[in-house]
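Residue numbers (our numbering): 121 to 729. One structure is given here, and the rest of the page talks about it.
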């Protein structure tokens, strides 16, 4: 064994140990390994840096941006709403629907892209159901990997083995040849994850778990005593409000009614308008009203103003949290607001926000409109998230405190949602048709997201998970290093020598194990390239059909469940799920063994030896 091979194997072993102990960070380990391969004379600088131009890396980065566009336009959260609506509070049903949705989409488009899109959806759903993200992130990645087993075009390894069959004169696979096996694995994967999710609850690990959770709207509703004060009221055609601005109506001083939002039908859907003093009320509007006194005679108010109550869910418009929010504003010592009453502040006319609560010395003040502000008072303001964000940037006489967690789910580009959907459909269509390379289709999708103002440049760059990309880029050169030094040939020769004289099923087992082991260190596409010729040659040597051997390689190449660096799909969920290296080993190794057993049992039946 040459010195170069020993150096590469030693470096690989050191990386694995560092990944296991989780020190230093995985992306740092990958960069150290990349530098070591160059300094050790194994790779040239261009070979070591080739990962930065790898199409799969660029594809992942592009889909981070497309995924952020879906988040900013609210589409990702609407998918989450659909999942929650179908699953209710049942985590089991949610997990099943999530895995089926990811696997279905991944069967016709890039699994890495699908997982990148669904990560914010899963995080949002986990927050709403108050469960650990770790219980959903790994099922999400496993579903993405399983999607590669469902159709011929679902993942590059399938196309690689099909090309090898054609090259050697054998009939290849059809579009749905993989589907029966893939569906069996998917069913088994869903069942397995229903059991294994209990091992993935990261709430007891790390500093993040011990940190105080961010306050939510319901906490502010409780702290300021807002329960029972909110109403949605439809403005009839005969209402005296019609044609007048909120500033002219003086509803707060006359009736103790704060209008915190105006819903108006536009382009076949309702939108929420800022309740500024110049906002004119039209017939058909729905006004969101905060009554300062919960015991206000609502029936008399509605009758005199020709208003009709409309139902809403939750406390104080929490069902409107995508558009309508609350924020706490503190009064600093040098503020010019000190000594003024709430009515004198002019918050609505200046900022489009209504003051709906006041806390003083940790207690909520009931009748606060006439109270003069003191140092340290905290005001609660209500309005659109856009106005709250502007307030955060403009304040001089006040300090906006930490915003509730729901602001992360607000969609700043909600009106661009149709364009984001069209862009996604166009991108997927290009990928399915093969008219342009996948990475070019994804770049076109990014450009269209920007052109349609679904995303801006700052949010696009922030959306990219650079840690995941650096990890992938740093590990990719190992494929070249192993090939150049003969390390792959050494491993392959040894394993085939051990199982070469066994039965066809024994050879299939050895082939699956070999492919899975090689796939621990290099990409599944490179693994398929190396193993496909071995599979076809082995079948020819024993006089068996090459189809089950070739598909064994394809399935094993996609079964990259065992480490976070086995596949980019696993790497994507590493951070959001707060996983450690051993989490993948503990959950992935048993499932890989189950997939292997199922493959050895079923493939010779689907494709007779």
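Heads up, the beta-carbon is just placed ideally off N, CA and C, and yes, glycines get one too.
With DSSP as the reference, label residue 129 as helix, strand or coil.
helix
Beta strand (DSSP E) segment containing residue 143, residue limits
It is not in any beta strand (DSSP E) - residue 143 carries neither H nor E in the DSSP assignment.
To the nearest angstrom, report how far apart residue 480 and residue 367 are at their CA atoms.
Using only the alpha carbons, I get a separation of about 28 Å.
Only counting the same chain, and skipping five residues up and downstream in sequence, which positions put a Cβ closer than 7 Å to that of residue 168?
154, 157, 158 and 597
Could you pull the start and end residues of the beta strand (DSSP E) that residue 744 belongs to?
What is shown of the chain runs 121 to 729, which leaves residue 744 out entirely.
Bridge partner(s) assigned by DSSP for residue 168
DSSP lists no partner for residue 168.
Simplified DSSP state of residue 715, which is helix, strand or coil:
helix
Touch check for the region 490-498 and the region 448-463: three-plus C-beta pairs under 8 Å?
yes
Three or more beta-carbon pairs under 8 Å between the region 233-240 and the region 182-191, yes or no?
At 8 Å Cβ cutoff, the stretches touch.
Measure the C-alpha to C-alpha separation of residue 539 and residue 421 and round it to an integer number of angstroms.
The straight-line gap from Cα to Cα measures roughly 42 Å.
Closer than 6 Å by C-beta to residue 372: which residues in its own chain qualify, once you throw out the five before and the five after it? Chain order, please.
Once the five neighbours on either side are set aside, the close Cβ partners of residue 372 are 378.
Chain-order list of residues whose beta-carbon lies under 7 Å from that of residue 362 (same chain, five-residue window excluded)
355, 401, 402 and 403
Could you check the C-alpha separation between residue 223 and residue 265 for me, to the nearest Å?
8 Å
Quick check: the region 279-289 against the region 647-664, are there 3 or more CB pairs under 8 Å?
yes
Pull up the distance between the alpha-carbon of residue 398 and that of residue 359, whole angstroms please.
Spanning the two alpha carbons is a distance of roughly 18 Å.
Pair every Cβ in the region 599-611 with every Cβ in the region 685-698, then say whether three or more of these pairs are closer than 8 Å.
The answer is no - the region 685-698 does not touch the region 599-611, with fewer than three Cβ pairs under 8 Å.
From which residue to which residue does the beta strand (DSSP E) around residue 464 run?
Residue 464 -> not in any beta strand (DSSP E); alpha helix (DSSP H) instead, spanning 462-465.
Please list, in chain order, all residues of the same chain as residue 433 whose beta carbon is under 6 Å from its beta carbon, the five residues on each side excluded.
Here the set comprises 439.
Throw me the rounded Cβ distance for the residue 698 and residue 254 pair, which I believe falls under 8 Å.
6 Å
With a cut-off of 8 Å on the beta carbons, I'd call residue 731 and residue 320 a contact; round off their distance for me.
In the structure as shown, the chain begins at 121 and stops at 729. Residue 731 is therefore absent and cannot be evaluated.
Three-way DSSP call (helix, strand, coil) for residue 575 in this model
coil
Take residue 728 and list the residues in its own chain whose beta-carbon comes closer than 7 Å to its own, dropping the five residues that flank it on each side.
665.
By Cβ distance below 8 Å, which residues in the same chain neighbour residue 430 in space, the five residues on each side in sequence not counted?
352, 353, 354 and 406
Distance check for residue 556 and residue 712, CA to CA, integer angstroms please.
34 Å
What did DSSP end up calling residue 501 once you bin it into helix, strand or coil?
strand
Roughly how many whole angstroms lie between the Cα atoms of residue 302 and residue 138?
34 Å
Residue 437 versus residue 474: straight-line alpha-carbon distance, rounded
14 Å
Any idea if residue 719 is buried or exposed, counting beta-carbon neighbours within 10 angstroms, 16 or more meaning buried?
Burial call: buried.
Residues of its chain near residue 541, where Cβ-Cβ distance is below 7 Å and the 5 sequence neighbours each way are ignored:
Short of 7 Å from the beta carbon of residue 541, and not among the five residues preceding or following it, lie these beta carbons of its own chain, in chain order: 195.
DSSP beta-bridge partners of residue 410
350 and 378
When we look at the beta-carbon of residue 145 and count the other beta-carbons within 10 Å, is it buried (16 or more) or exposed?
When all chains shown are included, residue 145 counts as exposed.
Which of helix, strand or coil DSSP assigns to residue 162:
Note: residue 162 maps to coil in three-state DSSP.
Cα-Cα, which of 471, 315 and 477 is closest to residue 343?
477
Given residue 331, which residues of its chain have a CB within under 8 Å of its CB, disregarding the five upstream and five downstream residues?
Confidence in residue 331 is poor, its pLDDT being 40 and thus under 50, which makes the residue's placement too unreliable to answer from.
Per DSSP, the bridge partner or partners of residue 484:
Residue 484 has 479 as its beta-bridge partners, per DSSP.
Indicate the three-state DSSP secondary structure (helix, strand or coil) for residue 355 in the structure shown.
strand
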